[in-house]
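A.B. asks: Heads up: the sequence lines are chains A and B, in that order.
Heads up: the first sequence is residues 4 to 233, going by the numbering used here.
Heads up: the second sequence is residues 4 to 400, going by the numbering used here.
The C-beta atom is built at its ideal place from N, Cα and C for all residues, glycine as well.
The structure displayed is predicted, hence computed values, not measured ones.
Pasting a structure below so you can have a look.
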Amino acid sequence: MISLRGITKTYEVGKEKVEVLKNIDLSVKAGEFVAIMGPSGSGKSTLMNIIGCLDRPTKGKYFLDGVDVSGLKDVELARVRNSSIGFVFQQFHLLPRLTALKNVELPMIYSGIGKKERRERAEEALRKMGLADRMDYLPNALSGGQRQRVAIARAIVNKPKLILADEPTGALDTKTSRSIMELFARLNEEGTTIVVVTHEPEVAKYAERIIMLRDGEIVPGEDYKRGLGQ
Amino acid sequence: MRLIENIKMALSSLFAHKLRSFLTMLGIVIGVGAVIIVVAIGQGGEAALKSKIVGSGNTIEVFYSPSEEELRANPNIIYQPAFTEEDIRILESIPEIKSVVASSSTYGSVSYQGRETDSTIFGINESFLEIYDMKIASGKSFSAGDFISGNRVCLISQSLKDELFENEDPIGKVVRIGTQPVQIVGVLEKPSGIFALGTKDIYVPFQTWKMITGKSDITQITLQAASPDVIQIAGEKAAYQLNAFHNTEDSYQVLNYESLAEVIGQITRIMTVTIGSIAGVSLFVGGIGVMNIMLVSVTERTREIGIRMALGATRMQILTQFLIEAVILTLIGGIVGIFFGWGVAEIFALILGWPSLISWQVILIGILFSMAIGIIFGLLPANKASKLDPIESLRYE
């Protein structure tokens, strides 16, 4: 599903070059549930942006579902994001002036799906998230957990192969966090590949595999899962 | 993505900032409105001016302006009468000329029961009233006999009536031109339109005028051509025959009002374009207002742009979204401006008494122009929005 080969990302800060990611090799199989952990500044956000096709690596190759996306143009990357990737963010990132339903319809507007089908699919996704009675609410009228579920509905509505979640529970309380993570687990069971970026062990433990990043490099070893006491 | 989605999106985001959208639009409303008002009033004024000049139509003015040689030979020539009754007979014999309007005027005092005022005294022939489209407000007009026998009757203008009679009925009363008594048979309608100066005039039949003033010269001749097609020929023939009769080179000249109207039309058009361009400056300023507000909007909505990009919006789609928003803003402003300008132009037309000319072309140009303003001034902000980095934008607070 995801195959990163020698991914390096360098930023130029003034005259200095800062290497945020150093020669990352990483593979995620289809249907896997992976957590990326690491302290702040470890480069996990940058890695997440590259996996999400929001950013391009300075060096290295990135194959998403067999396609080399590291050399794609902006337009093509937008298409990939639209059709193959579902994003879930810490701050939900819903458009405040659109209802839950309209927010969920948004990715389908960009993929050119007709009005009727859009509505049906958005309603279905919201029902699946248990928000059948909140479809016409504006985000401000929803609780944090509900907002995040709208965001998840939006992420899955275009039936992506990969869901990328960046600190999805960072703004939620423990109980709500648990229910959100259970939703991810359920989606994973249905076959969607999930990559979660987090610094919370409670979140990471839902993953089958944990990748530890430190100073732009993957810390070798496969035992983090056990190390979390599971 | 479909256009209709974009338009809906644009409307909802404009609606979300009602006051801001309204104020931004106001710039365009005033700009488009001002241009429409200027064009409408300009075109209406031109039409009014032309119809006034052309009058009841097909008229040609005859002038006598002695050449330098003639003046050198006889310096007193300018004090001599311009036309004679002989000239009228010559002109009347030209087949292309339907009627010859001759008049003379002098300035003198008119009095009634001790009240006295200065007035222009016109001696006119029968076709005068018809050609100059003068109507009788009260009383009656001259009879054919009045012209033939030089009866001591007169018509007075509304202003003269007001001056001498105030609220009294002047019909049948006798006024004195100098010392000569004449009886008022009618009062003329107050002239309307832009040349309505409301002068104090008194009209008497030409024969009467000769008796009263003791002069026999004709100061003004206007010809009426048989049809609009022969105006040119009639004018040329008239000038030729008069010059031949008086043995002069080019002293008798004609002025065809159609061509004069054309020249005046050109002048008013130049004025309309000039003033319209000045009004156009306000449209330009309105456009800059749109650009300004759109730039603010892009900055404010940086996060939204990031979200849309993450969800798969291409840069082109973001650009289109903002461009359409700007175009909708100016289009609505433009349409409101057109109606605003239309209304004001109608009010002006009503007050000034000339037609307001809002053609569909003006409306179409107004609409297209306001859309163009939206595109031109929306391009920079829209381009800025589309060039945003999605990662930075998502992080934007």
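Hey, how far is the Cα of B:E400 from the Cα of B:I44?
C.D. replies: Stepping through the second sequence from its first residue, residue 400 of chain B is reached at position 397. Stepping through the second sequence from its first residue, residue 44 of chain B is reached at position 41. So the two alpha carbons sit approximately 51 Å from each other.
A.B. asks: Considering only DSSP beta bridges, list what B:D204 is partnered with.
C.D. replies: Translated into the one-based positions of the second sequence, residue 204 of chain B becomes position 201. B:T123.
A.B. asks: Three or more beta-carbon pairs under 8 Å between the stretch 247-265 of chain B and the stretch 275-288 of chain B, yes or no?
C.D. replies: With a cut-off of 8 Å, the stretch 275-288 of chain B and the stretch 247-265 of chain B do not count as touching, because too few Cβ pairs lie within range.
A.B. asks: Near B:I234, what residues of its chain come up, given a Cβ to Cβ distance below 8 Å and the 5 sequence neighbours on each side ignored?
C.D. replies: Residue mapping note: residue 234 of chain B aligns to position 231 of the second sequence, counting from 1. Answer for B:I234: N61, I63, A228, N259 and E261, listed in chain order.
A.B. asks: For B:G315 and A:G133, I'd like the C-alpha separation in whole angstroms.
C.D. replies: Numbered from 1 along the second sequence, position 312 holds the residue referred to as residue 315 of chain B. Numbered from 1 along the first sequence, position 130 holds the residue referred to as residue 133 of chain A. Approximately 25 Å between the Cα atoms of the pair.
A.B. asks: DSSP state of A:R137, grouped into three classes?
C.D. replies: For the purposes of this step, residue 137 of chain A is taken as the residue at position 134 of the first sequence. Helix, per DSSP.
A.B. asks: From the DSSP output, in three-state form, read off B:G165 for me.
C.D. replies: Residue 165 of chain B sits at position 162 when you count from the first residue of the second sequence. Note on identity: in this sequence residue 165 of chain B is Asp, with Gly being the wrong assignment. In this structure, B:D165 counts as helix in the three-state DSSP scheme.
A.B. asks: List, in chain order, every chain B residue whose beta-carbon is nearer than 7 Å to that of A:L248.
C.D. replies: Outside the displayed span of chain A (4 to 233) sits residue 248 of chain A, for which this structure offers no information.
A.B. asks: Under 8 Å Cβ to Cβ from A:K18, same chain only, skipping five residues before and after it: list those, please.
C.D. replies: Position 15 of the first sequence, counted from the start, is the residue given in the question as residue 18 of chain A. If we look at A:K18 and ignore the five residues flanking it on each side, it has no Cβ neighbours.
A.B. asks: Counting only C-beta atoms, is A:N85 closer than 8 Å to chain B at any point?
C.D. replies: The residue given as residue 85 of chain A occupies position 82 in the first sequence. True, the Cβ-Cβ gap to chain B drops below 8 Å.
A.B. asks: Less than 8 Å between the CB atoms is what I'm expecting for A:V153 and A:V107, so what's the real figure, rounded?
C.D. replies: By one-based count along the first sequence, residue 153 of chain A stands at place 150. By one-based count along the first sequence, residue 107 of chain A stands at place 104. Yes, A:V153 and A:V107 are in contact; Cβ-Cβ is about 7 Å, under 8 Å.
A.B. asks: Buried or exposed: A:F90, going by 16 or more other Cβ atoms within 10 Å of its Cβ?
C.D. replies: Position 87 of the first sequence, counted from the first residue, corresponds to residue 90 of chain A. The residue in question, A:F90, is buried, as its Cβ has 16 or more Cβ neighbours within 10 Å.
A.B. asks: Report the CB separation of B:V154 from B:P208 in whole angstroms; it is logged as a contact under 8 Å.
C.D. replies: As a first step, residue 154 of chain B must be located in the second sequence, where it is residue number 151. As a first step, residue 208 of chain B must be located in the second sequence, where it is residue number 205. For clarity, residue 154 of chain B is Asn in the given sequence; the question names Val instead. Correct: roughly 7 Å between the Cβ atoms.
A.B. asks: Per the DSSP calculation, B:L360 is bridged to which residue(s)?
C.D. replies: Start at 1 with the first residue of the second sequence, and residue 360 of chain B comes out as number 357. For B:L360, which the question treats as bridged, DSSP gives no partner whatsoever.
A.B. asks: Looking at chain B, which residues of the stretch 110-123 of chain A have a Cβ within less than 8 Å of any of its Cβ atoms?
C.D. replies: Here the close residues are P110, I112, Y113, S114 and G115.
A.B. asks: Would you check if there are 3 or more beta carbon pairs closer than 8 Å linking the stretch 211-218 of chain B to the stretch 92-104 of chain B?
C.D. replies: Counting Cβ pairs under 8 Å, fewer than three are found: no touch.
A.B. asks: Along the stretch 11-34 of chain B, where does the CB come closer than 8 Å to a CB of chain A? Name the residues.
C.D. replies: Residues passing the 8 Å Cβ filter: S15, S16 and A19.
A.B. asks: With 9 Å as the C-beta to C-beta threshold (strictly closer), list the residues of the stretch 312-338 of chain B near chain A in chain order.
C.D. replies: Going along the stretch 312-338 of chain B in chain order, one finds M312, A313, L314, G315, A316, T317, R318, M319 and Q320 with a Cβ nearer than 9 Å to chain A.
A.B. asks: Given this structure, state the Cα-to-Cα distance separating A:L98 from A:T49, to the nearest angstrom.
C.D. replies: For the purposes of this step, residue 98 of chain A is taken as residue 95 along the first sequence, with counting starting at 1. For the purposes of this step, residue 49 of chain A is taken as residue 46 along the first sequence, with counting starting at 1. Each residue's alpha carbon lies about 24 Å from the other.
A.B. asks: Using 8 Å as the cut-off, can you tell me whether the stretch 5-23 of chain A makes contact with the stretch 47-64 of chain A, which would need three or more C-beta pairs spanning the two stretches below that distance?
C.D. replies: Taking 8 Å as the limit for Cβ pairs, the verdict is that the stretch 47-64 of chain A does touch the stretch 5-23 of chain A.
A.B. asks: Need the endpoints of the alpha helix (DSSP H) that B:Y243 sits in, please.
C.D. replies: Residue 243 of chain B sits at position 240 when you count from the first residue of the second sequence. B:Y243 -> alpha helix (DSSP H) spans I234 to H249.
A.B. asks: Given a threshold of 16 other Cβ atoms within 10 Å of its Cβ, counted over all protein chains shown, does B:I151 qualify as buried or as exposed?
C.D. replies: Along the second sequence, read from residue 1 onward, the residue named residue 151 of chain B stands at position 148. Counting Cβ neighbours within 10 Å, B:I151 comes out exposed, since fewer than 16 surround it.
A.B. asks: Under three-state DSSP, which class holds B:E303?
C.D. replies: Within the second sequence, residue 303 of chain B is the residue found at index 300, counting from 1. In this structure, B:E303 counts as helix in the three-state DSSP scheme.
A.B. asks: Ordered along the chain, which non-local residues of its own chain (more than five positions away) have a Cβ less than 8 Å from that of B:E119?
C.D. replies: Residue 119 of chain B sits at position 116 when you count from the first residue of the second sequence. Cβ neighbours of B:E119 beyond the five flanking positions: S112 and V113.
A.B. asks: If you reduce the DSSP assignment to three classes, tell me which class B:F209 lands in.
C.D. replies: Here residue 209 of chain B refers to the residue found at position 206 of the second sequence. Helix, per DSSP.
A.B. asks: Please confirm whether B:E8 has its beta-carbon closer than 8 Å to some beta-carbon of chain A.
C.D. replies: The residue labelled residue 8 of chain B in the question sits at position 5 within the second sequence. Judged by the 8 Å Cβ criterion, B:E8 is in contact with chain A.
A.B. asks: Let's see if you can read the secondary structure: which residues bound the beta strand (DSSP E) around A:R124?
C.D. replies: As a first step, residue 124 of chain A is located in the first sequence; it is residue number 121 there, counting from the start. Taken as a continuous stretch (DSSP letters only), A:R124 belongs to no beta strand (DSSP E), being part of the alpha helix (DSSP H) at K118 to K131.
A.B. asks: Using DSSP's beta-bridge definition, name the partner residues of A:T13.
C.D. replies: As a first step, residue 13 of chain A must be located in the first sequence, where it is residue number 10. A:E22, per the DSSP bridge assignment.
A.B. asks: Would you mind stating whether A:T196 and A:K162 have Cβ atoms separated by less than 8 Å?
C.D. replies: Position 193 of the first sequence, counting from 1, holds the residue named residue 196 of chain A. Position 159 of the first sequence, counting from 1, holds the residue named residue 162 of chain A. Against a cut-off of 8 Å, the Cβ pair of A:K162 and A:T196 comes out as no contact.
A.B. asks: Go ahead and label A:Q151 buried or exposed: buried means 16 or more other beta carbons lie within 10 angstroms of its beta carbon, across all protein chains shown.
C.D. replies: Counting from 1 along the first sequence, the entry for residue 151 of chain A is found at position 148. By the neighbour-count rule (16 or more Cβ atoms within 10 Å), A:Q151 is buried.
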